[in-house]
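*Asks:*
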Amino acid sequence: MQKVPFIVFGIFILLGLSDSVFLTWEHYTLTSIGCPISPWINCLAVTSSKYSEIFGIPLALLGSIYYVFLFFFLTKSKEKMFKHFFLITSSFGVLFSIYLIYVQAFAIGLFCLYCLISSVISFLIFGLTFYFFGSEWKTLVVDSFGYSYGYIIKPILFLIDAEVVHTNMVKFAEMLPKSLLKLFKFIFVNNYTNLKQNILGINFKTPIGLAAGFDYEARLTQTLPSIGFGFQTVGTITNMAYGGNPGPMLGRLPKSKSLLVNKGFKNLGIVETLSRLVDKRFVYPVGISIGRTNSVTLNTIGKSINDIATAFKIVKKSKLNNSFFELNISCPNIIHDLGINFYELTNLEKLLIAIDKVNPNKPVFIKMPIDQTDNHTISMLKLITRHKVKGVIFGNLQTNKKHRTLIQNEVNKYKMGKYSGKPTFEDSNRLIKLAYKNFKDRFIIIGCGGVFNAEDAWVKFTNGASLVQLITGMIFEGPQLIAQINRDLSYKLSKEGYKNIAEIVGINVN
-6 MQKVPFIVFG IFILLGLSDS VFLTWEHYTL TSIGCPISPW INCLAVTSSK
44 YSEIFGIPLA LLGSIYYVFL FFFLTKSKEK MFKHFFLITS SFGVLFSIYL
94 IYVQAFAIGL FCLYCLISSV ISFLIFGLTF YFFGSEWKTL VVDSFGYSYG
144 YIIKPILFLI DAEVVHTNMV KFAEMLPKSL LKLFKFIFVN NYTNLKQNIL
194 GINFKTPIGL AAGFDYEARL TQTLPSIGFG FQTVGTITNM AYGGNPGPML
244 GRLPKSKSLL VNKGFKNLGI VETLSRLVDK RFVYPVGISI GRTNSVTLNT
294 IGKSINDIAT AFKIVKKSKL NNSFFELNIS CPNIIHDLGI NFYELTNLEK
344 LLIAIDKVNP NKPVFIKMPI DQTDNHTISM LKLITRHKVK GVIFGNLQTN
394 KKHRTLIQNE VNKYKMGKYS GKPTFEDSNR LIKLAYKNFK DRFIIIGCGG
444 VFNAEDAWVK FTNGASLVQL ITGMIFEGPQ LIAQINRDLS YKLSKEGYKN
494 IAEIVGINVN
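Below you can see the structure in the form of structure tokens.
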């Protein structure tokens, strides 16, 4: 702790302790020294009343103990845990003081001057914690929310069908009033200058974004900035609407830290989705993810390419104020793909030629698979370099049901679908590193998959990602996770001597 706060708090704590010790002495001796008597003030009447004890313990003695603990936590406040104990204890002091004032005013009908002095000191100490430790209060509130989510909220939500929870929580978040969003912004959002980047002319206040697959109905572009996200992707959206694959479309694998995903590009279709977005003002970068409609009518590669290109054309014509596009070629849950895929180089070439002709007026990132060999991934990336694509995202879902991170008795509960979260982490990191090593001067890389904390994000940045996306981590850890990652990234950058997040991009490769 800095010298000035320590001295200021120390003075008030010692004053409060002296006052409480004196009141304890008055209680036991049934005397009153220096306290005037008036129709409203009588110290002895208060300190000797039936309200002056709890379970036979004088309130003044409890006050003395409170100040002793407060001083102890103050002396240890260089450690985060004890600083939090100091803040929590100061808040208990205020609540205790409010109770004492209430009892004096409405139960006894008289005030004790020295008791009021102790209450004023408690209020001053509490108020000064916000002046000296405002950021620590935010940290305490954010982390407390995380504990509440982990031990209370999540166990309840995980008793309910995952798709039901997702659908209703998204709708609930969409309807949150502006006043509550402002409160969330105050708590969860900070101005971390060392996390700010300008990439491809787009300003990112933080490098942590929401991946495609969560807000595919475009409901949360006005909500998510308030919990610390630096950007988000809406989608994946397709030219035609799709109601989703036969259920279950979502499932949970808690031990594997994974979600079973089987939506198959469930979405409202590009036209309906745009109707929700065109009149919106975005306070952070919003991307639109576009993929092939999950329909049996697209039975040729030509029809599939035209379907994707048409969606791009509609967005371009709409004048939507999005910052970038994602081209999702890697969803493994398209049940009506009829064997058509864009991993095959000839098909990928034809698709990218069509997108080049559309000439989207915003940067395009390709959402890549993580189940291809390194050699084939390199071949795909070499092909992509010949086109107008600005970046790649590694990556999509884990398709290997036998992956070593998956607990098999959890996998066996589901017949269809693929896996998000921790099972994607290693493959995503490997391919980020591969892409950065070979194409760092050509592509901006976005890392996606298995990010549950700042250390996970750090690995992706140091492997070559300039930005990081997540979904599953937020579902398992809570919506405060984004604020925690931003905070911890900023702290680690400063601690290790970096001025900006961009400085660590690819350092594990170089």
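Sequential numbering of the sequence shown, starting at -6, is according to the working numbering.
Note that beta-carbon positions come from the ideal geometry of N, C-alpha and C, so glycine has one too.
Note that this is a predicted model, so its numbers are computed, not measured.
1) On the three-state DSSP scale, how would you describe S288?
2) Exposed or buried, what is V452 when buried is set at 16 or more other beta-carbons lying within 10 Å of its beta-carbon?
3) So within the region 358 to 445, which uninterrupted alpha helix (DSSP H) runs reach at least 4 residues, ignoring any that extend past its ends?
4) Can you give me the Cβ contacts of V96 inside the same chain, cut-off strictly under 7 Å, excluding the 5 residues immediately before and after it?
5) Which first and last residues belong to the alpha helix (DSSP H) in which I101 is found?
6) Does T216 come out as helix, strand or coil in the three-state DSSP assignment?
7) In this structure, does DSSP put Y491 in helix, strand or coil?
8) Could you pull the start and end residues of the alpha helix (DSSP H) that N191 belongs to?
9) Would DSSP call I180 helix, strand or coil?
10) Residue ranges of each beta strand (DSSP E) run of no fewer than 3 residues wholly in the region 269 to 330, ordered along the chain?
11) Would you tell me roughly how many angstroms separate the C-alpha atoms of F177 and S128, rounded to the nearest one?
12) So the alpha helix (DSSP H) G139 belongs to, where does it begin and stop?
13) If you count every other CB in all the chains shown that lies within 10 Å of the CB of D367, and 16 or more means buried, which is it?
14) Using only CA atoms, which one of Y235, F207 and T216 lies nearest to L243?
15) Spatial neighbours of W130 within its chain, please: CB distance less than 8 Å, with the 5 preceding and 5 following residues excluded, ordered by chain position.
16) Provide the residue(s) that pair with L460 in DSSP beta bridges, ordered along the chain.
17) Thinking C-alpha only, which one of F387, K355, S112 and L10 is nearest K312?
18) Quick test of your reading: V182 and Q477, contact by CB under 8 Å. State the CB separation rounded to the nearest angstrom.
19) In chain order, what residues of the same chain have a beta carbon less than 7 Å from the beta carbon of T303, not counting five sequence neighbours either side?
20) Who are the Cβ neighbours of R212 in its own chain at under 8 Å, not counting the five residues just before and after it?
21) Should T216 and V227 be called a contact, given that it needs their Cβ atoms to be closer than 8 Å?
22) Taking 8 Å as the threshold, find out whether the region 399 to 409 comes into contact with the region 188 to 205 through three or more Cβ pairs.
23) Just tell me which of A53, E72 and V61 has its CA closest to the CA of T89.
24) If I measure Cβ to Cβ from P51 and keep anything under 7 Å in the same chain, skipping five residues before and after, which residues do I get?
25) Using the Cα positions of N446 and N287, report the straight-line distance between them to the nearest angstrom.
26) So what's T68 in DSSP terms, helix, strand or just coil?
27) If I follow the unbroken beta strand (DSSP E) through V254, where does it start and stop?
28) Straight-line CA distance for V461 to S57?
29) Could you tell me how far apart the beta carbons of Y142 and Q473 are, in whole angstroms, since I believe they sit closer than 8 Å?
30) Is it a yes or a no for the region 98 to 107 touching the region 67 to 83, going by three-plus beta-carbon pairs under 8 Å?
31) Are the region 327 to 340 and the region 379 to 390 touching, with three or more C-beta to C-beta distances below 8 Å?
32) Are the CB atoms of I230 and N260 within a distance shorter than 8 Å?
33) From what residue to what residue does the alpha helix (DSSP H) around L341 run?
34) Determine the closest residue to K71 out of I201, A428, V113 and F(-1), with distance taken between C-alpha atoms.
35) Quick test of your reading: P353 and S316, contact by CB under 8 Å. State the CB separation rounded to the nearest angstrom.
36) What residue from G3, Q(-5), F48 and V61 has the CA that sits closest to V14's CA?
*Replies:* Result, derived from the coordinates:
1) By one-based count along the sequence shown, residue 288 stands at place 295. If DSSP states are grouped into helix, strand and coil, S288 belongs with coil.
2) As a working note, residue 452 is residue 459 in the sequence shown. With 16 or more other Cβ atoms from the protein chains shown falling within 10 Å of its own Cβ, V452 counts as buried.
3) Correct list: 367 to 377, 401 to 404 and 418 to 432.
4) As a working mapping, residue 96 is identified with position 103 in the sequence shown. In chain order, Y44 place their CB closer than 7 Å to the CB of V96, counting only its own chain and leaving out the 5 sequence neighbours on each side.
5) Sequence index remark: in the sequence shown, residue 101 carries index 108 (1-based). DSSP places I101 in no alpha helix (DSSP H); its state is neither H nor E.
6) Translated into positions along the sequence shown, residue 216 becomes position 223. Taken through DSSP and simplified to helix, strand or coil, T216 comes out as coil.
7) Within the sequence shown, the letter at position 498 stands for residue 491. Y491 falls in the coil class under three-state DSSP.
8) Along the sequence shown, one-based indexing puts residue 191 at 198. Judged by DSSP secondary structure, N191 falls outside any alpha helix (DSSP H) and instead within the beta strand (DSSP E) spanning Q190 to I192.
9) Residue 180 sits at position 187 when you count from the first residue of the sequence shown. Helix at I180.
10) With a minimum length of 3 residues, the continuous beta strand (DSSP E) runs that stay inside the region 269 to 330 are 279 to 284 and 317 to 321.
11) For the purposes of this step, residue 177 is taken as residue 184 along the sequence shown, with counting starting at 1. For the purposes of this step, residue 128 is taken as residue 135 along the sequence shown, with counting starting at 1. Those two C-alpha atoms are separated by around 14 Å.
12) Within the sequence shown, residue 139 is the residue found at index 146, counting from 1. That run of the alpha helix (DSSP H) goes G127 to S141.
13) Residue mapping note: residue 367 aligns to position 374 of the sequence shown, counting from 1. With fewer than 16 Cβ atoms within 10 Å of its Cβ, D367 is classed as exposed.
14) As a first step, residue 243 is located in the sequence shown; it is residue number 250 there, counting from the start. Closest by alpha carbon: F207.
15) For this step, residue 130 is matched to residue 137 along the sequence shown. Cβ neighbours of W130 beyond the five flanking positions: L80, T122 and F123.
16) Working through the sequence shown from its first residue, we reach residue 460 at position 467. According to DSSP, L460 bridges with I439.
17) In the sequence shown, counting from the first residue as 1, residue 312 sits at position 319. Answer by Cα proximity: K355.
18) Against the sequence shown, residue 182 aligns to sequence position 189. Against the sequence shown, residue 477 aligns to sequence position 484. Incorrect: roughly 12 Å between the Cβ atoms, too far for contact.
19) For this step, residue 303 is matched to residue 310 along the sequence shown. Result list for T303: N232, in chain order.
20) The residue you call residue 212 lines up with position 219 of the sequence shown. Excluding sequence neighbours, R212 sits near V163, K164, A166, E167 and R269.
21) By 1-based counting over the sequence shown, the position of residue 216 is 223. By 1-based counting over the sequence shown, the position of residue 227 is 234. Going by C-beta atoms, T216 is not nearer than 8 Å to V227.
22) At 8 Å Cβ cutoff, the stretches do not touch.
23) Sequence index remark: in the sequence shown, residue 89 carries index 96 (1-based). According to the sequence shown, residue 89 is Phe rather than Thr. Per the Cα distances, A53.
24) Sequence index remark: in the sequence shown, residue 51 carries index 58 (1-based). So the qualifying residues of the chain are T17, H20 and S45.
25) As a first step, residue 446 must be located in the sequence shown, where it is residue number 453. As a first step, residue 287 must be located in the sequence shown, where it is residue number 294. Cα-Cα distance, rounded: 33 Å.
26) Locating residue 68 in the sequence shown gives position 75, counting from the first residue. Three-state DSSP puts T68 in a helix.
27) Taking the sequence shown and counting its residues from 1, the one referred to as residue 254 is at position 261. That run of the beta strand (DSSP E) goes S251 to V254.
28) By one-based count along the sequence shown, residue 461 stands at place 468. By one-based count along the sequence shown, residue 57 stands at place 64. Distance between the alpha carbons of V461 and S57: 50 Å.
29) Along the sequence shown, read from residue 1 onward, the residue named residue 142 stands at position 149. Along the sequence shown, read from residue 1 onward, the residue named residue 473 stands at position 480. Their Cβ separation, rounded to whole angstroms, is 7 Å, which keeps Y142 and Q473 in contact under 8 Å.
30) Between the region 98 to 107 and the region 67 to 83, the count of Cβ pairs shorter than 8 Å is below three; the stretches do not touch.
31) Counting Cβ pairs under 8 Å, fewer than three are found: no touch.
32) Numbered from its first residue, the sequence shown carries residue 260 at position 267. Numbered from its first residue, the sequence shown carries residue 230 at position 237. In this structure, the beta-carbon distance from N260 to I230 falls below 8 Å.
33) As a working mapping, residue 341 is identified with position 348 in the sequence shown. L341 -> alpha helix (DSSP H) spans L338 to V351.
34) Numbered from 1 along the sequence shown, position 78 holds the residue referred to as residue 71. Of the listed residues, the one whose Cα sits closest to K71 is F(-1).
35) Taking the first residue of the sequence shown as position 1, residue 353 is located at position 360. Taking the first residue of the sequence shown as position 1, residue 316 is located at position 323. Incorrect: roughly 12 Å between the Cβ atoms, too far for contact.
36) Your numbering for residue 14 matches position 21 in the sequence shown. It is V61.
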